[in-house]
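Letter by letter, the sequence shown follows residues 24 to 326 of the numbering used here.
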Amino acid sequence: MLEVAVGFLLLLGGLKLIQEGLVRLAGSRATALLGNLLVGPWRSFLAGLAAAALTQSSTAVSVLTVGLVHSHFLSLPEAIGIILGANVGTTLTVQLMVLKPGSLAYYLGTLGIFLLPKRPPWRHAGMALLGLGLIFAGIAWFEIGCRKLEQHPWLLAPLNAAEKSHLLAFLLSTLVTALLHSSSLTTGLAMTLYAQGMVSRETALVFVLGNNLGTCFTALLVSLVSSNAGRRVALAHFLVNLGGALLFFPLLYPWGMLARWLSSGPAHEVANAHTLYNLITSLVLLPFCRPLARFLEKLLPDR
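Put into C-alpha cells, the structure is as follows:
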C-alpha cells in the first residue's frame with residue numbers, strides 16, 4: 024500500500040514538474056503558435072497539437088481556449104480544432120511512460136537536479152527532466168505496490184467491480200480523472216494495472232475512454248464564470264470526448280487488437296490505444312467543427 028501511495032505521489036509531482044518546466048521553456052511560443060496558425064479548423068488543429076505537446080496539458084490548452092473565445096480572439100470552429108489537436112498532443116507523455124523506468128529515473132533526475140541552479144532556459148529544461156525522472160520512478164514504485172495489492176482485498180474491490188461492468192469502469196475513471204485534473208496520470212495508472220494483470224485489456228481501454236472525458240470538467244468549471252461564447256468551447260470539449268467514447272465503446276475488441284499488433288508489451292498496448300483513440304477521434308470529428316459550432320451557437324445563443 025505504501026509503495027502505491029509513493030508511486031502515485033511521484034507520478035503526480037513528476038507530471039506537475041514536467042508541465043511547469045515545458046511551459047516556462049516554451050515561454051510565449053505556445054501562444055505565438057496559436058496566434059500564427061489560427062486560420063480554419065485544420066490549422067487550428069495543428070496549433071492545438073503543438074501547444075499541447077509543448078505544455079503537455081490538454082486541460083491547460085482547453086482552459087486557455089475558453090478565455091480566447093470569451094475575448095473574441097478566435098472563432099468557435101477554430102477553438103474546436105484546437106481542442107482536437109490538444110487531445111492528440113498530450114499523448115506524448117503517455118508514450119514516454121512506456122520507456123522502462125530502471126536507471127532512467129536516476130540519470131534523468133540527476134541531470135535535472137544538476138541543471139536546476141543554472142539560468143533559464145537550462146533551469147526550465149532541468150525541471151522537465153527532473154519531472155520525467157520522477158514519472159519513471161513513480162511507475163517503478165507503483166508496479167512494486169501493485170504486486171502487493173493482493174494482500175489487501177478491500178483495495179481490489181473497486182477494480183473487481185469495474186472488471187464486471189464497463190459502465191462502472193467508465194464512470195470510475197471519469198470521476199478519478201476529474202478529481203486529479205490529469206488524464207496522463209490516470210492513463211499511466213491504467214497501463215500499470217494492465218501490465219501487472221490487475222485488469223483486462225478491455226477494462227484498461229474503458230479506463231482510457233473515461234480518462235479522456237474526465238479532463239473536460241476543469242474547462243466546464245472555468246466556463247461557469249465566462250460568457251456563453253466561452254461556455255460553448257467547454258461544452259464542445261465535453262461533447263467531442265463523449266462522442267469519441269461512444270464511437271469507441273462498441274469497438275473495444277478491434278481497437279485493442281490493433282493496439283496490441285502495434286505494441287511491444289502490455290503497457291505499450293494501452294499507450295498506443297490512447298494515441299489511436301485521440302488521433303482517430305480527432306480526424307473523424309475535425310470536418311464537423313463548423314456544424315458542431317453552429318449547433319452550439321443555437322443551443323447557447325449570445326445574450
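Here a beta-carbon is modelled for each residue, glycine too, at the ideal position from N, C-alpha and C.
Which runs of the alpha helix (DSSP H) at least 4 residues long sit entirely within the segment 174 to 234? Give them in chain order. 176 to 187, 189 to 203, 206 to 218
Going residue by residue through the segment 124 to 158, where are the continuous alpha helix (DSSP H) segments of at least 4 residues, counting only ones entirely within it? 125 to 138
Out of curiosity, what's the CA-to-CA distance linking residue 228 and residue 142? 42 Å
Is residue 293 closer than 7 Å to residue 207 when the C-beta atoms are compared? no
Three or more beta-carbon pairs under 8 Å between the segment 252 to 266 and the segment 75 to 92, yes or no? yes
Between the alpha carbons of residue 37 and residue 135, how many angstroms are there, rounded? 12 Å
Within 10 angstroms of its Cβ, does residue 190 collect 16 or more other Cβ (buried), or is it exposed? exposed
Can you say whether residue 224 is buried or exposed, counting buried as having 16 or more other CB atoms within 10 angstroms of its CB? buried
For residue 301, count neighbouring C-beta atoms within 10 Å of its own C-beta (all shown protein chains included) and say buried if the count is 16 or more, exposed if not. buried
Outcome for residue 245 when other beta-carbon atoms lying within 10 angstroms are tallied against a minimum of 16: buried
Quick check on this structure: which residue in 291, 267, 296 has the alpha carbon closest to the alpha carbon of residue 306? 267
Quick check: residue 241 and residue 291, are their CB atoms within less than 7 Å of each other? no
Contained beta strand (DSSP E) runs [length at least 3] in the segment 236 to 308, N- to C-terminal order: none
Could you tell me which of 278, 311, 102 sits nearest to residue 295, measuring between CA atoms? 278
Is the beta carbon of residue 298 closer than 7 Å to that of residue 114? yes
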